[in-house]
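J.: Below you'll find the structure I mean.
If you want it as structure tokens, here you go:
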């Protein structure tokens, strides 16, 4: 009886500790950077009442040992380091850490690690833990004098100095370093291209411009004087054809048909290729409404099976692929300006970059970089553009006395570190 009471009491004592841990979690619900804990239990020793026995073949089976546990105990109170929710506090010096790591704070007695980012400044302007006054430490040389950038940190001093009210002279941006990837799958502008489904052929082989329509393979009944071929469709801009028929007879040739289509669709180049396919290609790149269909006028004496010569798309008109990025630059007064950069794939495989700014902020003097090329392995090669198409940009920002030239650094030739 005594053992059973002691065993039960061990469980009560363990769960009392668990409730204390839960209470602590609840009490610190609004504590900055607090990490909750969980209670982990383990069992205690077991009292052996009877040993295990082995089996006897064909006579008796084995029997497990008889053991009675003596209770449980708290084996570990474990911290939960799962990332919590980030909240805006409205305090300029409050910092939250997203991911692993700790802030390092130093006092007179030692170094401490904390996830709490409630910081403030001491009377000397150094960053401290608002709750303890411990000095927050920095690592590396960022902010130390380098002869170029403004500096407010002392070399060798791990404290973080925040220079409230200090003025920084404006430093004009003279170079933009570009790094990243432009997809090798990108394509330049494409013109819509149609092709007859079947070749224009005769019994003797592939047709040419001088071939009579009546000699084509798919002529059902020869054309006679007074017959017409109907021309239908839309041009690149979705306009109707300028003519909608071709008068035909026994002397009409394939070239006559090509000429009629060229007249009907002046925005397309109509040709007969060396394989006998009739080709219609838009003179403009980009999305296109170019469609062409031919047919026999009802009542014709002659008939050509135009179902064999339906025009099908072999190239869909599209604009060039492009990618946009923006970068913040600074003018001669130190004011930030946003420059947009649009990289556009060209038909010859090179890339162009066009810069844009808000028209209310100034004027672009030179905003184009032409002929950005890459080597076969994808590394940067060079900029082929010259003059207004070279690797520099220039702007006249409002309120500035001089125009601002910014060089574009795309990387070293043969390098993967830039563009």
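In the working numbering, the protein residues as written are 561 to 979. Glycine included, each C-beta is placed from N, C-alpha and C at the ideal position.
#1: Can you give me the C-alpha to C-alpha distance between residue 896 and residue 888, rounded to a whole angstrom?
#2: Tell me where the alpha helix (DSSP H) around residue 814 begins and ends.
#3: What are the partner residues of residue 873, as DSSP defines its beta bridges?
#4: Provide the residue span of the beta strand (DSSP E) that contains residue 705, from first to last.
#5: Check whether the region 633 to 645 touches the region 611 to 620, counting contact only when three or more Cβ pairs, one atom from each stretch, lie closer than 8 Å.
#6: By a C-beta neighbour count over all protein chains shown, 10 Å radius and 16 as the cutoff for buried, is residue 605 buried or exposed?
#7: May I ask which residues mark the beginning and end of the beta strand (DSSP E) holding residue 828?
#8: Please identify the residue among 692, 660 and 682 whose C-alpha is closest to the C-alpha of residue 669.
#9: So, residue 585 versus residue 597, is the Cβ gap smaller than 8 Å?
#10: In the DSSP assignment, the beta strand (DSSP E) including residue 967 goes from what residue to what residue?
#11: Can you tell me whether DSSP reads residue 564 as helix, strand or coil?
#12: Would you mind stating whether residue 956 and residue 922 have Cβ atoms separated by less than 8 Å?
#13: Can you list, in chain order, the residues of its chain with a C-beta nearer than 7 Å to that of residue 711? Leave out the 5 residues immediately preceding and following it.
#14: If you check the beta carbons only, do residue 790 and residue 832 fall under 8 Å apart?
#15: Would residue 592 and residue 607 be called neighbours here (beta carbons separated by less than 8 Å)?
#16: Within its chain, find whatever has a CB closer than 6 Å to the CB of residue 746; leave out the 5 residues flanking it on each side and keep chain order.
#17: Would you give the residue range spanned by the beta strand (DSSP E) that residue 838 belongs to?
#18: Could you pull the start and end residues of the beta strand (DSSP E) that residue 923 belongs to?
#19: Using the rule of at least 16 other Cβ atoms within 10 Å of the residue's Cβ for burial, across every protein chain shown, is residue 673 buried or exposed?
#20: DSSP state of residue 759, grouped into three classes?
#21: According to the neighbour-count rule (16 or more other Cβ atoms, all chains shown, within 10 Å of its Cβ), is residue 753 buried or exposed?
#22: If you run the structure through DSSP and keep just helix, strand and coil, what is residue 896?
#23: What does DSSP give as the partner residues of residue 807 in its beta bridges?
#24: Would you say residue 901 lies against chain B (beta-carbon separation less than 8 Å)?
#25: How big is the Cα-Cα spacing for residue 708 and residue 947?
#26: Over the uninterrupted beta strand (DSSP E) stretch that includes residue 716, give me the two end residues.
#27: Excluding the five sequence neighbours on either side, which residues of its own chain have a C-beta within less than 6 Å of the C-beta of residue 778, listed in chain order?
#28: If we ignore side chains and look at the alpha-carbon of each, how far apart do residue 760 and residue 774 end up?
#29: I'd like the span of the beta strand (DSSP E) that includes residue 628, first residue to last.
T.: The relevant details are as follows:
#1: Sequence index remark: in the chain shown, residue 896 carries index 336 (1-based). Sequence index remark: in the chain shown, residue 888 carries index 328 (1-based). Cα to Cα, the separation comes out at about 6 Å.
#2: The count along the chain shown starts at 1 and reaches residue 814 at position 254. Unbroken alpha helix (DSSP H) run through residue 814: 814 to 824.
#3: By 1-based counting over the chain shown, the position of residue 873 is 313. Checking the DSSP bridge columns, you'll see residue 873 partnered with 754.
#4: Position 145 of the chain shown, counted from the first residue, corresponds to residue 705. Membership of residue 705 in any beta strand (DSSP E) is not indicated, and neither H nor E is assigned to it by DSSP.
#5: Contact annotation: the region 633 to 645 does not touch the region 611 to 620, with fewer than three C-beta pairs closer than 8 Å.
#6: The count along the chain shown starts at 1 and reaches residue 605 at position 45. Counting of Cβ neighbours within 10 angstroms places residue 605 among the exposed residues, the total staying below 16.
#7: Translated into positions along the chain shown, residue 828 becomes position 268. From DSSP, the beta strand (DSSP E) with residue 828 extends over 828 to 832.
#8: Translated into positions along the chain shown, residue 669 becomes position 109. Nearest of 692, 660 and 682 to residue 669, Cα basis: 692.
#9: By one-based count along the chain shown, residue 585 stands at place 25. By one-based count along the chain shown, residue 597 stands at place 37. Yes, they are a contact pair.
#10: Reading the chain shown from its first residue, position 407 is the one you call residue 967. Taken as a continuous stretch (DSSP letters only), the beta strand (DSSP E) holding residue 967 covers 964 to 969.
#11: Here the question's residue 564 lines up with position 4 in the chain shown. In the structure shown, residue 564 falls within a helical segment according to DSSP collapsed to helix, strand and coil.
#12: For this step, residue 956 is matched to residue 396 along the chain shown. For this step, residue 922 is matched to residue 362 along the chain shown. In contact: residue 956 and residue 922 (Cβ atoms closer than 8 Å).
#13: By 1-based counting over the chain shown, the position of residue 711 is 151. Same-chain partners within the cutoff: 703, 704 and 705.
#14: Taking the first residue of the chain shown as position 1, residue 790 is located at position 230. Taking the first residue of the chain shown as position 1, residue 832 is located at position 272. No, the Cβ-Cβ distance between residue 790 and residue 832 is not below 8 Å.
#15: In the chain shown, the residue the question calls residue 592 occupies position 32. In the chain shown, the residue the question calls residue 607 occupies position 47. It is not a contact, given that the beta carbons lie outside the stated cut-off.
#16: To locate residue 746, count along the chain shown from 1; it is residue 186. For residue 746, where only same-chain residues beyond five positions count, the Cβ hits under 6 Å are 881 and 905.
#17: Taking the chain shown and counting its residues from 1, the one referred to as residue 838 is at position 278. In the DSSP assignment, residue 838 falls within the beta strand (DSSP E) that extends over 838 to 845.
#18: If you number the chain shown from 1, residue 923 lands on position 363. 922 to 926 is the span of the beta strand (DSSP E), which, as asked, contains residue 923.
#19: Start at 1 with the first residue of the chain shown, and residue 673 comes out as number 113. Under a 10 Å Cβ-count criterion, residue 673 is classified as exposed, with fewer than 16 other Cβ atoms of the shown protein chains found around its own Cβ.
#20: Taking the chain shown and counting its residues from 1, one reaches residue 759 at position 199. The three-state reading of DSSP puts residue 759 in coil, since its state is none of H, G, I, E or B.
#21: Against the chain shown, residue 753 aligns to sequence position 193. Under this definition residue 753 is a buried residue.
#22: Mapped onto the chain shown, residue 896 falls at position 336. Here residue 896 carries a strand assignment [DSSP, helix/strand/coil].
#23: Walking along the chain shown from the start, residue 807 turns up at place 247. DSSP output for residue 807 lists 788 as bridge partner(s).
#24: The structure shown contains no chain B; it holds only a single protein chain.
#25: Stepping through the chain shown from its first residue, residue 708 is reached at position 148. Stepping through the chain shown from its first residue, residue 947 is reached at position 387. Rounded to whole angstroms, residue 708 to residue 947 spans 30 Å at the Cα level.
#26: On the chain shown, residue 716 is found 156 positions in, with the first residue counted as 1. Run containing residue 716: none; DSSP gives neither H nor E here.
#27: Numbered from 1 along the chain shown, position 218 holds the residue referred to as residue 778. Taken in chain order, the residues that qualify are 865 and 868.
#28: The residue given as residue 760 occupies position 200 in the chain shown. The residue given as residue 774 occupies position 214 in the chain shown. For residue 760 and residue 774, the distance between alpha carbons rounds to 11 Å.
#29: Position 68 of the chain shown, counted from the first residue, corresponds to residue 628. Note, residue 628: beta strand (DSSP E), 626 to 629.
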